[in-house]
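Residue numbers (UniProt numbering): 1 to 1032.
As structure tokens, this is what we get:
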């Protein structure tokens, strides 16, 4: 307590000299210091003193109720945080005294205590945001001024006094930001310690998920800054030691004296200083490097050629000012170098590096694509001839196109299944405390689980086809083999964009040079085919002149590939990756390793000494495997060998504990590299990794060796290591993180894990309100988001985020029925997308914007104009995806054209489009899948045939539609779509003269409409049904 008295001595002295009110600022400063030092005892004492200040103010102003209320809240807050009995008793006495003073005074409702309406909440939040915005503007220039800290501390006390948790947490976080800014600018680690303490305090009081994530990232970012400062200090000490060692050299060299000290010169430096120096040569130009590289390549000097082409590339490789065509030219020339290297060395890896360079060039240019495709075909031919000793004609491009289409189909199906899950299981429509939410959430998790199992199986089939195609060219393997999937393929959390991680098991007794040569070549050939899918980034190929991961010089790892799509590709050649049969090259600390092994040898990676030398990550990865292709019996044999190796119970538990500790330690280090929220959120590291780590550690501790994460959760439940409810929570947690990762990859069209939550928050709020049907609120948030992104990117800047917002505003206005405004926003979005991608470019985003404009015109009743837009959109989409491609976006446009011709009354044209549409959707969703978008179009096809007077064909399609709707919603479910089909069946049978059947369908439809809308509701459909019943 003496320590506390000493800290508050000056403030208390001023209080005695000038009165409580004049000492308030000093108490605010003391409160901040106490919180920054995590000194709870002093914090409680200061809160008590601030309560005294407000009590005194309330008493002096004729018992001001507001001040008395503030005093009581401050005393109560101090009491809640107090752990000292004597201080607690003093606080209780003060609280009762304030309560007595307040008796008989009318209640004054504070802003935070007004009735909790949405309007009041929005006003309060808006006012708070405005206040913080004004202070935040001062942060850049006034971070060193104590006045800024006092203002934030006042807001914090305001939050405490008004019992406004959001205001209090936001103020504490802002105080942390000030200390973080000070620490970063001045390199004072004391400020960083205070920032950490304040963020931790805010985190302990924060309730919202977004706020929690923001504070966690602030903490991690502060840790990163501290680590960077520590590294800089270490480097500075090292530099000083080097200087000291240099100063100890013999003084045989001339010395030049400066005012600041002495500088020693070597003989060569001294001689150089005495002679006149020619001007430094100009940097070689881009053209000079290309010319010299071409000359070296023609002379067979491949090393020089590579260095000159890489030098030319480096001159123009600026991510901020990209020169894509020039980059493509350099990459093609480097590809030519690697083809020649492959011919000379006969190494398969040189040909795969060449193929990656050509594909990277293809991603950067729209010209010379035919030439690059020819180079890719020839690269495969040279690989087969020089490495695999197989003569083969040029491989047709159709093979690559076919595999690309399979990949796109897999992604389209995954997207459509996610859409279906959104429709069928939406727990977010309920409040968190609504008892209906948890069962729906569990069902959604099971649906996501089934989706990921399907994706894993579909990927396995694709990989199997690629392997079979390679073996058909290379010839039969020399022994039995099995490809085994690792990583997310084994855990069944793989996405259609994930890397391919795998190993090869070979038959016991066949491990010799010939066998290994065959399977290495098979892996190279498979790699070549995967690279030609166009989704392998160049750093993954570890081309030394671009990315030398084995060099200590960071300048040799300079090429950043943000252009080539990153998706379905081999795990990279980086030393920390290498989860492919190629294994890892020799490093300074580790011997090379291969992942082409017999089951017994592969199992030896689990032995303690091997695990210790390689790190537990490799042994953990190889414990969870899944069959991909070949002989499944070898996988079973490998699992048996695993069990034999891990036989010692104590050893097994020791390794499990060590693996668990290693996993936690590795991820602790990884977390220090996070950026603060407000920058980017990495869904793979920040969200997806956590449940994976949790379940992996549970599996290790419980000795569960199943590969699938879903199976591990089921086994934990069977073993009663977790209760059923907690198993459901684990499934939900895993499904949410996996779904978010999948959606992020789909949104980014590749493995881009970064997501910006703050910049898009209002956009997402708008989308959420739109999904809930409140389009007015959605528009409100979209407008706020649009203002925000225009401030960020510039008022006149064209940007994909702005184009997306304009499109969503159009959609919301369309849903509100204001089609003119919808058309206006759709057209603005279309103009911006053309500005982004090019006026004459065929791009799916432009095509869908054209479709949306057409949709608005269709809603306005101008179907002819709408059809012209739809036809333009369809032509562009077919140019993008292929004339005969089955794609969701093409299906959407076909649907719109058919529906428009139906509205116009041109039934034959409507039928022609619906007949193209329905088979396409069956390909997309599955031949035997009952889907609303197929059922609805079968209904429209029936209406079109009725328009032509063919009631029998109409009935046929109506019945198909009815069967499918019943499958989707259930036979006894009342649904508007089912009621509409029943009504139209009644009309058709009536026109054919079978009034009994007509009446039966009318009555079923009428009963269903009354169930849906209520028995006494006046409705146009009910009126029509009653009229038709009367006529029948």
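Positions of the beta carbon are idealized from the N, C-alpha and C atoms, including for glycine.
Cβ pair residue i, residue j closer than 7 Å
i: residue 952; j: residue 991; result: no
i: residue 564; j: residue 363; result: yes
i: residue 44; j: residue 76; result: no
i: residue 537; j: residue 566; result: yes
i: residue 448; j: residue 724; result: no
i: residue 306; j: residue 551; result: no
i: residue 484; j: residue 625; result: yes
i: residue 511; j: residue 571; result: no
i: residue 559; j: residue 575; result: no
i: residue 199; j: residue 176; result: yes
i: residue 222; j: residue 190; result: no
i: residue 50; j: residue 74; result: yes
i: residue 866; j: residue 858; result: yes
Cβ neighbour criterion (16 or more within 10 Å) applied to residue i
i: residue 819; result: buried
i: residue 93; result: exposed
i: residue 287; result: exposed
i: residue 371; result: exposed
i: residue 439; result: exposed
i: residue 489; result: buried
i: residue 48; result: buried
i: residue 441; result: buried
i: residue 333; result: buried
i: residue 417; result: buried
i: residue 924; result: buried
i: residue 298; result: exposed
i: residue 1026; result: exposed
i: residue 285; result: exposed
i: residue 194; result: buried
i: residue 669; result: Note on residue 669: pLDDT 45, under 50, position unreliable in the model; the coordinate value appears next. Exposed, by the Cβ-count rule.
i: residue 290; result: buried
Of the residues the options, the one placed nearest residue i, counting alpha carbons only
i: residue 480; options: 516, 548, 501 and 956; result: 516
i: residue 719; options: 737, 180, 698 and 734; result: 698
i: residue 46; options: 54, 732 and 28; result: 28
i: residue 851; options: 893, 924 and 829; result: 893
i: residue 978; options: 993, 947 and 938; result: 938
i: residue 905; options: 885, 861, 917 and 933; result: 861
i: residue 914; options: 890, 926, 514 and 570; result: 890
i: residue 643; options: 618, 745, 325 and 603; result: 603
i: residue 458; options: 482, 874 and 409; result: 409
i: residue 621; options: 595, 193 and 966; result: 595
i: residue 429; options: 415, 444 and 25; result: 444
i: residue 966; options: 625, 326, 291 and 930; result: 930
i: residue 159; options: 184, 70, 148 and 200; result: 70
i: residue 330; options: 344, 348, 346 and 310; result: 310
i: residue 578; options: 487, 97 and 908; result: 487
i: residue 501; options: 511, 535 and 569; result: 569
i: residue 351; options: 525, 461, 419 and 192; result: 525
i: residue 492; options: 830, 1010 and 460; result: 460
i: residue 882; options: 844, 868 and 907; result: 844
i: residue 356; options: 597, 366, 927 and 379; result: 379
i: residue 840; options: 811, 880 and 817; result: 880
Assumed close pair residue i, residue j - CB separation to whole angstroms, cut-off 8 Å
i: residue 962; j: residue 1002; result: About 14 Å; that fails the 8 Å criterion.
i: residue 1005; j: residue 993; result: Actually they do not touch by this definition, with Cβ atoms about 19 Å apart.
i: residue 1033; j: residue 835; result: No statement about residue 1033 is possible, as the shown extent of the chain runs from 1 to 1032 and does not include it.
i: residue 340; j: residue 302; result: 6 Å
i: residue 482; j: residue 631; result: 5 Å
i: residue 730; j: residue 704; result: At roughly 13 Å, the Cβ-Cβ gap does not stay under 8 Å, so residue 730 and residue 704 are not in contact.
i: residue 85; j: residue 55; result: No, residue 85 and residue 55 are not in contact; Cβ-Cβ is about 22 Å, not under 8 Å.
Contact with chain B by residue i, beta-carbon distance below 7 Å
i: residue 168; result: No chain B appears in the structure shown, which is made up of a single protein chain.
- Query: What residue ranges within the region 334-376 form continuous alpha helix (DSSP H) runs of no fewer than 4 residues, ordered along the chain?
  - Reply: 348-364
**Asked** Where are the alpha helix (DSSP H) runs, 4 residues long or more, that stay fully inside the region 886-963, in chain order?
**Response** 888-904, 907-925 and 932-947
Open item on the list: Please give me, in chain order, every unbroken run of the beta strand (DSSP E) with length at least 3 that falls completely inside the region 441-502.
Closed with: 481-485
(message) For a minimum of 4 consecutive residues, which ranges assigned as the alpha helix (DSSP H) are wholly contained in the region 23-72?
(response) 24-36 and 40-60
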